[in-house]
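Presented below is the structure to which this report refers.
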Amino acid sequence: MTAGTQDLAGSPAGGWGELVAAAVVGAGRRGVDEGALLDAAAAATVRRRAGLVPGPARRLPEPAAHDPRPRLPAAARRRLAALLADRSGAGGGGRRGPTPDLAELIPEWLRHAVECGYQAPPELLPPLLDAARARIDLRPHALALAGPRGLWLAERAPQWAPLLRDGAAGPALPDPRDAAAVRALWEEGPRAGGPGTSQVRSALFAEVRRADPAGAVELLASTWPAEKAEDRLAFVELLRTGLSLADEPFLEGALGDRSRGVRTAAAELLAGLPGSALAGRMAARVRSLVVLDRSEEPPVIAVEAPYECDAAMERDGLVATPPAGMGERSWWFGQLVAAAPLAVWQEVFDGRTAEEVVALPVADGWRPDLLAAWSRAAARQHDSAWARALLGTAPTSPPGEPPAFTAGGPGASRPPAPSGPGRTAGGGENVPGRDPARLLTALPEAERAAWVAEFISAHGLSEAFRLLGACAVPWPEELGRAVVDALEIARDGGSYPWSFSGVMGLAERCLDPSYAVRLEPLAATHEEAEESSPGAAGYWSEAFQRLVATLRIRAAMRDELTTPAALRP
Amino acid sequence: MAGRSVVGMDGLSERWSVDQVWGLAPDASSRTAAGKLAAAGPWVESGAAGGAVWGLCRGSGSRPYQAVVDLRGPAYKCSCPSRKFPCKHALGLLLRWAQGEVADAPAEAAVPQWAAEWLAGRREKAEQKAAARPAAERAPDPAAAAEAERRAEQRRQRIAAGAAELEQRLTDLLRDGLAAAPRGAVWEETAARMVDAQAPGLAARVRELGALPASGPGWPARLLAECSLTHLLDQGFLRLDELPEPLAATVRSRVGLTVDAAGLLRGSTLRDEWLVLAQEDADDGKLVTRRIWLHGAGTERMALLLAYGAAGRAPEQSLPTGLVLDAELAYYPGAYPLRAALGTVHAGPRTPAGEGGRQRTVPPGAGIAEAAAAYGAALAADPWLEGIPVVLTDVVPVPEEGDEGWQLAERTGGRALPLHPAAGRGAGVWQLLAVSGGGPVTVFGEFGHAGFRPLTTFSAGTTVPLTGTAAGAGAGAPIAAPKGGGAWR
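Which chain is which? The protein sequence lines are A and B, in order. For the first sequence, this note's numbering gives the first residue as 31, with consecutive numbering after it. For the second sequence, this note's numbering gives the first residue as 132, with consecutive numbering after it.
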C-alpha cells in the first residue's frame, strides 16, 4: 500500500467522508445495503490507517541551556525518586508507626544536593517541580537543583507556571545593578496588574535591596504614593534586609502613612535602629517614666506609667487601644519600653550592666511588665547581652499562658538569681510576653544551643518544642544528649510517646545522624514499668525505632551525595 | 526439557542490582516502603543460599514477619498480611541483598525451617509440573481428546451465533443511522449477550463501541470505523474455514478464544537474549493487565507478554525495564505474531553487560516515516492492530499548543507524528520532554493510528520508564478523540 493514499478506490461515491455521511443518516434512507456500507467502511478504515503518513512538524522547542553541573550518583538519584514518591503517598492521619516519614527529609536532601553542586536528573524534574509547587518551603532549593532545564520545562507547562511567577525562579528578573531594566520592570508592574505582579515586584525589590540598599529606597520612593497599601506594607517589611540609618528619612515619612499597618511596620523598624530619631524620642519618653530610687538599699526601680497616649506617640507606632482585659497605662508603658533603645538603661541605672539591671527590685509590681518589654526590645535589637541577662531568669511555667497584665500585679518582687536557665527552677515568676524562643534568636548559635540544653536538663521537654525550633541544625553534641536523656526520662515516667511527638519529630530531623548507634538500645522493647500507661513501652520502642531509622536514612542520604566522584557508579 | 537443570544456577545466583530489585515493585508506594525497610528496617537472621534469600523483619506486631524469596521465579512469601506482590518486606529484603547487606549462608543447611519448608514445597511442585508434561505428551487419552473436541466445537457454534447476532445489531444501527445511535444500557446488554456467547473479545469491542457515541468532535467517523472493524471480525469468524491459518488464528484470538500457554511452550520456542523495553499496567477496575514488551538481541524480534492480576493487585510476573534475560519464548499463532508466552528462563533477568559483553541497552530504532510504513505493513496482516511496538530514534517532543496536541518531530524539524491523546494527559510526556531538553531522544512506544504512545526513553546510558503514561492509556482504554489530529497528513 502506498503511503499517503487516501482516495478510496472501490468506494465509488468518493471518500471516507461520503461513507460517514451515509452512515450518519442511515443506510436505509440512502438506499444502500448496510452490509455493503460496512464492508466499504472496513476497507476504507484499514486503508486510511495503513496509509497514514507523518504530517508537518510545528516549531521545535528551543533547546534548554546546558547545565554544567555533574549528574547525581545513582544511589542519590534513587533516593530522590523515593523521597518524591513518598511525598504524595503516606501522610495523613494515623498513628506514627516505626517507619520514618520521608517527606520530612526532602528539605535536608535538597539543601545537601544543592550544596554539593549536582544537577537534578531530568526524568525526576516533573515530580520535583510538583513538590516545589506544593510546598513553598522546598521551592528555593528545589528550583536551584532543577536548574536551567527545570526552568525550561516549567516555561512549557501550565501546571508549573506559578513557579515562574514567584520570582524564586530567578532569571526572569533583571540584574539588580541594571538600573534601566530594573526601573522598567518596576514601573511596568502597577500598570500591568494581573496575578503575580506583586510577587514579581517583591522579588525584584528584594534583589535590589540586597545589591544596593540605598538604590532600593530610591526606587520605592519614586512610586510610593501610587502603591497599594498591601504592597507598601510588603515593601517596608523588605527593608529589614540591610536596614541602616540611611533608611531613616524614608521610614520617618512612612510614619505618617495612611495605612496603620505601614505605620506600625515603619515604627518597628526605626525602633530596631538604636541611633534613629524615633529611638531617641522613645528614650526621652521612658527616661521620664522609669527612675532609680536610690533611697532604698538596694535601690529600687520606680515606674510611673504614662497617663495618655498623645498624637506624637501614636505617630511613633504606639497602638492606643489596649487588648481586652489590659489596663491602658501598662499597655502604653510596655510599648514605649519595648521601642526604646536598650542603651538608655545604662544611663538611667548609673552604668549598671544588663544583668545587674534585670536583678534590681521593681516597685509596685511593675517587674513583669518591664521584663516583658525589655525582652521584646532585646529580640528586636538583637542585643545578646540583654538577651542573656533576661534568659538567665528562665520562667518555670509555660511561656504561653494567658496574659496576667494588670496595673497592680503581684507585690514587690524578689531579685532573681542571676545567670543559668536551670537555677531558678523554684523562683516562680510568671512573665507573659517574655518569649524565650524569640530572645534566643539574639544569642550566638552555640550559646543558644547550650542554653536550651541546660533548660531541658532542668525542666524536661514539655516546654522545649519552640526553644528547640530556635536552634541551628544539626544540634550540637550537648543539646542532642540533653534531648535524648530527657526522652529517656519521659519514657521511664510511663507516659505515652505521643505527648512528645513534636520533639520526637524535631529530633528525627535535627539530631546528628551519628547518634543512631547510641539510640539503638532504646529502640529495643523494654519491660513495662508497673505504673506506666498500658502498652506505653511498646509505643516508645516504636518511636525510638522510628528515630533511629530516620537518622540512619539521613546518614545514608549524606553518604550517597558525598561519595567522591571516583567511586561513583 | 533441554536446559532445565541449568535454571538459576549460573545466572540467578549472582547478586541482582538495586535497579533490578526496584523494578520488581508493584507500585511507587511499595517501592518507597521497601526503601525505608531496606535502609532502616530491623532485620535479623537474614541470609542467602541456594537461589533463595530470607530474613525476619520486625513490624509493629510482636512477631517479626518472615520473608523469603525464591530467586528462580522470582517468587515471594511473607507472613505479613499485605496483598501486594511482592510485599514491602520481600522487596526490602531483596534490596538489602542487592546492596550486599545480606551475607551468603555457608550451605543449604543454614536455611531456617520456615523458609526451607516453603522453598521445598515450591520446588517440588515445579518438578511435578515438569514431570507431568512429558507424561501428557506421551499418553494422549483418545476419549478425553474427543470430549475436548466436542466441547470446542460447541463453543465455536456459540460464538458463531453471537457473531451473527452482533452482525444483526450492526446492520440495524447502520440502517437507522449513527445519528440515532443508542447510548449506555443497550450496548451493555449486547456486550452481556456476547459474554453469554463465550466471545469475550467481541464483548470488549461492543463496550468500546458503546463509549463512542457523542464522545467529542468527529465521533460518528470513529464509531463507523470501529463498527466496520467489528463487522470485519464477525465476518472473519463466520468464514473461518475460508481464511489462511495464520489469519484464522488472529481472528480466533481477537474473538476471545485462548490458546493454552503450556501447550504452546511444548511446541517450538525461540531462545534469545531478551531486553525488557517496557512494563505497563492497566487497571480497568476488575482486572489489572500487565503488558511487558521484549526485544530479542539475536532475532531482532519484538514480543509482548501479558500477565493478569485481580483488581488492584499487581500481577505476579514482573520484569524490570532495562534488564535482559536469556529465555525461551513461544509466540501465539497469528498473522502478525507479537504476543508470546515466557518459557524457560536460562539466565537473568540481569543488568545488561557493559561494553565487553557488547549487549545493547537500546535496540536499533527507526525514523518516523519507517515506523509509519511498518504499521501499514502490519495492518495488512492484522487489520485490527491498534498499534505496533517501535523504537524511534532522533525525535524531538513538541509540547501541545492550544488545540494542537503533542508531537514527536524529526530532529530536522520536517515531519512529525502526533502523540496518542491519552499519552498527552499523563505525566510521562513531561518526563519525556524533560529528558529531551529540546534535543533529540530515542523512545520506545506503541505506534498506532491514534498516535504514538511513549513508554520508555533512553538517555545518557540510563533507561527511563515513562511511568506517568500508564494511567488510563492501557490497551483497554476507549478510543479518544485525537486532539487536533493535525500531525497526520
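Even glycine gets a Cβ: it sits at the ideal position worked out from N, Cα and C.
Beta bridge pairing from DSSP links Met433(B) with His426(B).
DSSP lists Thr593(B) as the bridge partner or partners of Ser590(B).
Among the residues of chain B, those whose CB is under 7 Å from the CB of Gly65(A) are Thr302, following chain order. Within chain A, not a single residue places a beta-carbon under 9 Å from that of Ala334(B); the smallest gap is close to 19 Å. With a beta-carbon spacing of about 5 Å, Pro391(A) and Val330(A) fall inside the 8 Å limit used to define contacts. Taking 8 Å as the cut-off, the Cβ atoms of Arg109(A) and Glu590(A) count as close.
Under DSSP, Arg402(B) forms a beta bridge with Glu459(B). Bridge pairing for Cys188(B): Trp174(B), Tyr196(B) [DSSP].
Sequence-distant Cβ neighbours of Asp235(B) in its own chain, meaning closer than 8 Å and more than five residues away, are Gly178, Ala179, Ala180. Within the region 57–122 of chain A, complete beta strand (DSSP E) segments of at least 3 residues are not found at all. A distance below 7 Å between beta-carbons, with the five flanking residues on each side excluded, links Ala52(A) to the following residues of its chain, in chain order: Arg60, Val62, Leu67. If you ignore the 5 residues before and after Pro243(A), its C-beta comes within less than 6 Å of the C-beta of Gly272, all in its own chain and listed in chain order. Of the candidates Ala520(A), Thr351(A), Gly245(A), Ala520(A) places its Cα closest to the Cα of Ile486(A). Taking the Cα positions, Met343(A) is about 18 Å away from Pro279(A). Contacts with chain A (Cβ-Cβ distance below 7 Å) from the region 348–366 of chain B involve Pro351, Ala352, Leu355, Ala356, Cys358, Ser359, Leu360, His362, Leu363, listed in chain order.
Listed by position along chain A, the residues whose Cβ is nearer than 9 Å to that of Lys167(B) are Ala112, Asp116, Thr129, Pro130, Leu132, Ala579, Ile583. Its chain contains Ser289 as the residues whose beta carbon lies nearer than 6 Å to that of Ala259(A), once the 5 sequence neighbours on both sides are disregarded; these appear in chain order. With the rule of 3 Cβ pairs closer than 8 Å, the region 401–413 of chain A counts as touching the region 361–381 of chain A. The beta carbons of Leu549(A) and Ala500(A) sit no closer together than 8 Å.
Counting only Cβ-Cβ distances below 7 Å, Thr75(A) has contacts in chain B at Ala356, Ser359, Leu360, in chain order. According to the DSSP assignment, Gln538(B) belongs to the beta strand (DSSP E) that extends over 538–541. Collapsing the DSSP output to three states places Pro375(B) in coil. The CB of Gln575(A) comes closer than 7 Å to the CB of Pro173 in chain B, given here in chain order.
Residue environment for Gln365(A): buried (at least 16 other C-beta atoms within 10 angstroms of its C-beta). Distance from Ala143(A) to Leu159(A) at the Cβ level is roughly 15 Å; contact not present, criterion being Cβ atoms closer than 8 Å. A contact between stretches requires three or more CB pairs, one per stretch, nearer than 8 Å, and the region 72–90 of chain A meets this requirement with the region 507–526 of chain B. Cβ proximity to chain B below 7 Å picks out Leu90, Pro91, Glu92, Pro93, Ala94 from the region 89–100 of chain A. For Lys208(B), there is no enclosing alpha helix (DSSP H); the enclosing beta strand (DSSP E) has its first and last residue at 206–209.
Interface criterion not met: the Cβ of Pro451(B) is under 8 Å from no Cβ in chain A. Assigned with DSSP and collapsed to three states, Ala332(A) falls in strand. Using a Cβ-Cβ cut-off of 8 Å, Gly45(A) does not count as an interface residue toward chain B, since no Cβ of chain B sits closer than that to its own. Residues of the region 150–165 of chain A with a C-beta less than 7 Å from any C-beta of chain B: Pro152, Glu153, Leu155, Pro156, listed in chain order.
For Phe485(A), the three-state secondary structure derived from DSSP is helix. With fewer than 16 other beta carbons inside 10 angstroms of its own, Trp528(A) counts as exposed. DSSP places Arg290(A) in the uninterrupted alpha helix (DSSP H) bounded by 290–301. Gly58(A) reaches chain B at Arg306, Asp307, Gly308, counting residues in chain order whose Cβ is nearer than 8 Å.
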